[in-house]
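In our numbering, the protein residues as written are 5 to 349. Backbone N, C-alpha and C fix where the C-beta goes; we use that ideal spot for every residue, glycine too. Here is the structure we will look at, set down as structure tokens.
Take a look at the structure:
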């Protein structure tokens with residue numbers, strides 16, 4: 005699902021309630037919690053009763069809550085950056101790679117990934133150490149770099165060097181926040197509270213889960229907004245911290261793990277055990293992507309499974325099937341998240 009289309013669906017749904025006024029083209033300069041006033045960059049202002057800050061990693065609402073002494077946050081910069089490129093459609097508009105697959109070129113310290121777009125092209129992203137981008141941006145031979153490490157992609161992208169020079173390099177960071185609210189007047193959610201790196205594809209989903217949890221807590225205690233805000237954070241923060249950690253882990257797995265023999269051995273055993281005991285063991289990726297299991301629970305189960313598999317490999321006499329059967333049964337998949345019910349076109 006494209007972000008632009010999804011944003012349009014959500015905006016239409018909000019507008020259809022009749023309770024929302026949509027305003028575009030105005031940016032927030034600062035939020036004053038003492039006077040309950042939003043100050044806009046154009047010099048205007050607006051008063052509020054309660055403000056919900058779903059305003060991104062650079063959140064002015066979070067800045068205001070921090071200034072009020074209610075919030076402490078830390079941005080953990082990853083020493084890797086990214087750049088988006090485009091693999092064009094073929095001569096007749098066809099996809100030049102399998103459009104139904106996530107394509108990954110793992111190279112240890114860096115990787116390239118490609119995702120199909122409806123128009124026949126692919127969005128391709130290079131993730132690499134900051135030093136690699138610094139070298140290439142400072143006159144390094146872009147064509148030679150891609151010809152050496154990604155020759156099949158380079159052969160399909162004739163304007164590769166030009167794209168690389170003109171497309172911006174993006175930074176990657178994880179935002180961890182404690183104190184998501186201030187009294188009964190302000191609360192943050194989404195990237196404003198828990199921005200993560202993109203390697204598990206869960207940033208938007210985590211934000212939607214948080215929105216659903218916040219709505220539930222407000223509905224349960226409408227006369228205790230401040231308490232609802234606190235309980236919302238108590239429920240969600242362990243889970244958003246968990247997906248932040250798993251997203252970082254997944255980057256290592258994607259760029260290096262999938263070409264490591266030890267990893268592949270463990271992965272093969274895990275898949276075999278999943279076939280034998282599908283109700284008791286599941287890859288972490290599936291638990292995160294195709295179920296409504298809380299992130300913290302998926303993380304804990306995955307760690308237990310990893311320990312079990314390491315034990316079995318270290319000692320072949322281990323009755324690994326008995327260990328797996330002793331695991332708590334997996335919860336049923338959410339039917340809306342069943343991978344067998346998904347169709348990518």
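Would you decide whether residue i is buried or exposed? Buried here means 16 or more other CB atoms lie within 10 Å of its CB.
| i | result |
| --- | --- |
| residue 64 | buried |
| residue 327 | buried |
| residue 194 | buried |
| residue 42 | buried |
| residue 313 | buried |
| residue 197 | buried |
| residue 49 | exposed |
| residue 347 | The predicted position of residue 347 is uncertain, since its pLDDT is 32 and thus under 50; a value taken from the coordinates is nonetheless stated next. Flag for residue 347 reads exposed. |
| residue 3 | Nothing about residue 3 can be reported from this structure: the residues present for the chain run from 5 to 349 only. |
| residue 257 | buried |
| residue 248 | buried |
| residue 76 | exposed |
| residue 311 | exposed |
| residue 30 | exposed |
Return the CA-CA distance between residue i and residue j, expressed in angstroms with no decimal places.
| i | j | result |
| --- | --- | --- |
| residue 290 | residue 23 | 38 Å |
| residue 53 | residue 283 | 48 Å |
| residue 183 | residue 135 | 35 Å |
| residue 246 | residue 154 | 33 Å |
| residue 220 | residue 163 | 50 Å |
| residue 14 | residue 8 | 10 Å |
| residue 158 | residue 151 | 6 Å |
| residue 147 | residue 166 | 10 Å |
| residue 123 | residue 99 | 8 Å |
| residue 67 | residue 238 | 20 Å |
| residue 79 | residue 200 | 10 Å |
| residue 62 | residue 44 | 15 Å |
Which same chain residues, not among the five before or five after residue i, have their C-beta less than 6 Å away from its C-beta?
| i | result |
| --- | --- |
| residue 254 | 203, 204 |
| residue 74 | 183, 186 |
| residue 263 | 110 |
| residue 232 | 221, 222, 225 |
| residue 241 | none |
| residue 2 | In this structure the chain extends from 5 to 349, so residue 2 is not present and cannot be described. |
| residue 69 | 75, 186, 190 |
| residue 306 | 288 |
With distances taken from CA atoms, which of the options is nearest residue i?
| i | options | result |
| --- | --- | --- |
| residue 130 | 122, 149, 267 | 149 |
| residue 294 | 274, 308, 334, 265 | 334 |
| residue 207 | 190, 177, 235 | 177 |
| residue 56 | 336, 296, 258, 236 | 236 |
| residue 139 | 169, 104, 179 | 169 |
| residue 11 | 180, 285, 165, 212 | 212 |
| residue 303 | 244, 71, 258 | 244 |
| residue 272 | 201, 317, 29 | 317 |
| residue 227 | 188, 133, 95, 92 | 188 |
| residue 286 | 261, 332, 69, 319 | 332 |
| residue 108 | 46, 71, 94, 156 | 156 |
| residue 180 | 17, 46, 192 | 192 |
For residue i and chain D, any beta-carbon pair shorter than 8 Å?
| i | result |
| --- | --- |
| residue 332 | Included in the structure is just one protein chain, with no chain D present. |
Output needed for residue i: all residues of its chain with C-beta closer than 7 Å, excluding positions within five of it in sequence on either side, in chain order.
| i | result |
| --- | --- |
| residue 119 | 106, 126, 127 |
| residue 19 | 26 |
| residue 315 | 322 |
| residue 298 | 243 |
| residue 133 | 83, 84, 113, 114 |
Cutting at 8 Å between CB atoms, please list the residues of its own chain near residue i, excluding the five before and the five after it.
| i | result |
| --- | --- |
| residue 21 | none |
| residue 344 | Interpretation of residue 344 is limited by its pLDDT of 48, a score under 50 that renders its predicted location unreliable; the figure taken from the coordinates is listed afterwards. There are no such residues. |
Item to check | Continuous alpha helix (DSSP H) assignments of at least 4 residues falling wholly in the stretch 148 to 207 | outcome: 155 to 160, 164 to 170, 195 to 198
Checklist entry - Where are the beta strand (DSSP E) runs, 3 residues long or more, that stay fully inside the stretch 249 to 275, in chain order? => result none
Item to check | beta strand (DSSP E) segments (min. 3 residues) lying fully within the stretch 61 to 139 | outcome: 76 to 91, 107 to 110, 115 to 120, 126 to 133
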